[in-house]
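Q: Let me give you the structure first, and then I'll get to my questions.
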Amino acid sequence: MSSFISSSTKTSEAAKSKLAELGLSREILERAIQEGLFQFKKVTKLHPVTAGGSRAWEEVNASLREQLLQTQAGWNMSHEKGLTLTFNKSLGVNIVVTSGDRHTGIKEGFPKTKNTKGASTQNYVGVNYSLFGDDEDVVSIFQEKIDKTETWVLLYHIDTALKQVRFELSLPSGMSGSNGKIRIDSWEQRIIFNPVPFNSDVTPTDKPEFNEDISFDVTKKVE
Numbered sequence: 001m002s003s004f005i006s007s008s009t010k011t012s013e014a015a016k017s018k019l020a021e022l023g024l025s026r027e028i029l030e031r032a033i034q035e036g037l038f039q040f041k042k043v044t045k046l047h048p049v050t051a052g053g054s055r056a057w058e059e060v061n062a063s064l065r066e067q068l069l070q071t072q073a074g075w076n077m078s079h080e081k082g083l084t085l086t087f088n089k090s091l092g093v094n095i096v097v098t099s100g101d102r103h104t105g106i107k108e109g110f111p112k113t114k115n116t117k118g119a120s121t122q123n124y125v126g127v128n129y130s131l132f133g134d135d136e137d138v139v140s141i142f143q144e145k146i147d148k149t150e151t152w153v154l155l156y157h158i159d160t161a162l163k164q165v166r167f168e169l170s171l172p173s174g175m176s177g178s179n180g181k182i183r184i185d186s187w188e189q190r191i192i193f194n195p196v197p198f199n200s201d202v203t204p205t206d207k208p209e210f211n212e213d214i215s216f217d218v219t220k221k222v223e
C-alpha cells in the first residue's frame, strides 16, 4: 500500500500527479467535503439522529458531481441497483463516496468504511475492482461494461470531538468481517488530505440543472 500526503496549501507532487491522472484535484475534493460539512452543521436536535450523516453524504456527492460535470471532461453519474456512482468512462475511473471510521485521513491509520455490508458483497470486491454504496449493497454494475476500471473511494470521517472532517481518496483492495457483516478495510493506495475544520467558511453553490447529455439511470435495489 502506498500513501500520498496532500498539504492544504501545496499538494505534494506525487499526490497532485495521481489526482491529475484521475481527472481530479485537491480543490474539487475539498470543496465537496466543505459543502457536506455545511449541511451537517445545519442539523439541529429536532432532526432525526441520522439526519446529519445522511445530509453530509448527499451533499458531498452532489458537490463532487456538480464540479466534475462542469468540467465537460467526460464525467457522468448513475444510480443503479442501489449504488450511487460518479464515473468517467474515458479515464476508466469510478468514484464512490462513503463515510469511514475514526482512522480515516490518518497516515498511520488503517481505516474502514463506517457501515457494515452483507456477506454477499464479498463476491463483488477485488484488488482493483470494488463497488459499494454508503448505506447500500455492493453491486458490480460496471464489471461487464468497463475493463480495467479503477474504483476509488472518497472516504471521510466527521470528528465532532476534534471539530474537523478528515478525508482521503483511496483505492480499495479488500474487505473483511465476521457473522455476515463486512467492511472495506484494505487499500492499495491512499491519498490523504489535511482535515477540514468545522469553522471552515464555504458558501454552497446552486446545483446546476442537468440537460439531456447527462444520463442518470435509476434501477431498483437488489435485495
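Okay, so the sequence shown: first residue is 1 according to the UniProt record's numbering, each after it adds one.
By construction, the Cβ of each residue, glycine as well, lies at the ideal position given by its N, Cα and C atoms.
#1: Quick test of the definition: if touching needs 3 or more C-beta pairs under 8 Å, does the region 51 to 70 touch the region 24 to 40?
#2: For a test of the three-state rule: what should DSSP assign to residue 225, helix, strand or coil?
#3: On a Cα-Cα basis, can you pick out the residue from 167, 68, 52, 200 that is closest to residue 190?
#4: Reducing DSSP to helix, strand and coil, say where residue 54 ends up.
#5: Along the chain, where does the alpha helix (DSSP H) that runs through residue 19 open and close?
#6: So, residue 183 versus residue 113, is the Cβ gap smaller than 7 Å?
#7: Tell whether a beta-carbon distance below 7 Å holds between residue 74 and residue 157.
#8: My guess is that residue 86 and residue 95 are in contact by the Cβ rule of under 8 Å, so how many angstroms apart are they, rounded?
#9: Please look up how many angstroms separate the CB atoms of residue 193 and residue 26, rounded, as I've assumed it's under 8 Å.
#10: By Cβ distance below 8 Å, which residues in the same chain neighbour residue 200 in space, the five residues on each side in sequence not counted?
#11: Among 45, 149, 107, 110, whose alpha-carbon lies nearest the alpha-carbon of residue 90?
#12: Buried or exposed for residue 50, please, with buried defined as at least 16 other CB atoms from any protein chain shown within 10 angstroms of its CB.
#13: How many angstroms separate the CA atom of residue 164 from the CA atom of residue 171?
#14: Indicate whether residue 97 and residue 154 have their beta-carbon atoms separated by less than 7 Å.
#15: Going by DSSP, name the residue or residues bridged to residue 106.
#16: Could you check which residue in 186, 42, 175 has the C-alpha nearest to that of residue 56?
#17: Since I believe residue 110 is in contact with residue 185 (beta carbons under 8 Å), could you give me their beta-carbon distance rounded to a whole number of angstroms?
#18: Go ahead and pull the three-state DSSP assignment for residue 88.
#19: Return the bridge partner residues of residue 168 from the DSSP annotation.
#20: Here's the rule I'm using: 16 or more other beta-carbon atoms within 10 Å means buried, otherwise exposed. How should residue 18 be labelled?
#21: Between residue 234 and residue 188, is the Cβ-Cβ spacing less than 7 Å?
#22: Would you call residue 134 buried or exposed, if buried means 16 or more other Cβ atoms sit within 10 Å of its Cβ?
A: This is what the structure gives:
#1: yes
#2: Because the chain in this structure spans residues 1 to 223, residue 225 falls outside the shown range and cannot be described.
#3: Taking the sequence shown and counting its residues from 1, one reaches residue 190 at position 190. Of the listed residues, the one whose Cα sits closest to residue 190 is 167.
#4: Numbered from its first residue, the sequence shown carries residue 54 at position 54. Of the three classes helix, strand and coil, the one that applies to residue 54 here is helix, per DSSP.
#5: On the sequence shown, residue 19 is found 19 positions in, with the first residue counted as 1. From DSSP, the alpha helix (DSSP H) with residue 19 extends over 13 to 21.
#6: Translated into positions along the sequence shown, residue 183 becomes position 183. Translated into positions along the sequence shown, residue 113 becomes position 113. The answer is yes: Cβ separation under 7 Å.
#7: Position 74 of the sequence shown, counting from 1, holds the residue named residue 74. Position 157 of the sequence shown, counting from 1, holds the residue named residue 157. No, Cβ-Cβ distance for residue 74 and residue 157 is not below 7 Å.
#8: In the sequence shown, residue 86 corresponds to position 86, counting from 1. In the sequence shown, residue 95 corresponds to position 95, counting from 1. Confirmed, Cβ separation roughly 5 Å.
#9: Within the sequence shown, numbered from 1, the residue matching residue 193 stands at position 193. Within the sequence shown, numbered from 1, the residue matching residue 26 stands at position 26. With a Cβ gap of about 6 Å, residue 193 and residue 26 count as contacting.
#10: Numbered from 1 along the sequence shown, position 200 holds the residue referred to as residue 200. Contacts found: 34, 37.
#11: In the sequence shown, counting from the first residue as 1, residue 90 sits at position 90. Ranking 45, 149, 107, 110 by CA distance to the CA of residue 90 puts 149 first.
#12: Within the sequence shown, numbered from 1, the residue matching residue 50 stands at position 50. When all chains shown are included, residue 50 counts as exposed.
#13: The residue given as residue 164 occupies position 164 in the sequence shown. The residue given as residue 171 occupies position 171 in the sequence shown. Going from the Cα of residue 164 to the Cα of residue 171 covers about 23 Å.
#14: Mapped onto the sequence shown, residue 97 falls at position 97. Mapped onto the sequence shown, residue 154 falls at position 154. Cβ distance < 7 Å, so residue 97 and residue 154 count as in contact.
#15: One-based indexing of the sequence shown puts residue 106 at position 106. According to DSSP, which records beta bridges pairwise, residue 106 is partnered with nothing at all.
#16: Taking the sequence shown and counting its residues from 1, the one referred to as residue 56 is at position 56. If we check each option's Cα against that of residue 56, 42 comes out closest.
#17: Stepping through the sequence shown from its first residue, residue 185 is reached at position 185. Stepping through the sequence shown from its first residue, residue 110 is reached at position 110. That pair is a contact at about 7 Å.
#18: Counted from its first residue, the sequence shown places residue 88 at position 88. Three-state result, residue 88: strand.
#19: In the sequence shown, the residue the question calls residue 168 occupies position 168. In the DSSP output, where bridge partners are listed per residue, residue 168 has 155, 192.
#20: Locating residue 18 in the sequence shown gives position 18, where the first residue counts as 1. Buried: at least 16 other Cβ atoms inside 10 Å.
#21: What is shown of the chain runs 1 to 223, which leaves residue 234 out entirely.
#22: For the purposes of this step, residue 134 is taken as the residue at position 134 of the sequence shown. Note that residue 134 scores 43 on pLDDT, short of 50, meaning its location in the model is unreliable and no value can be drawn from it.
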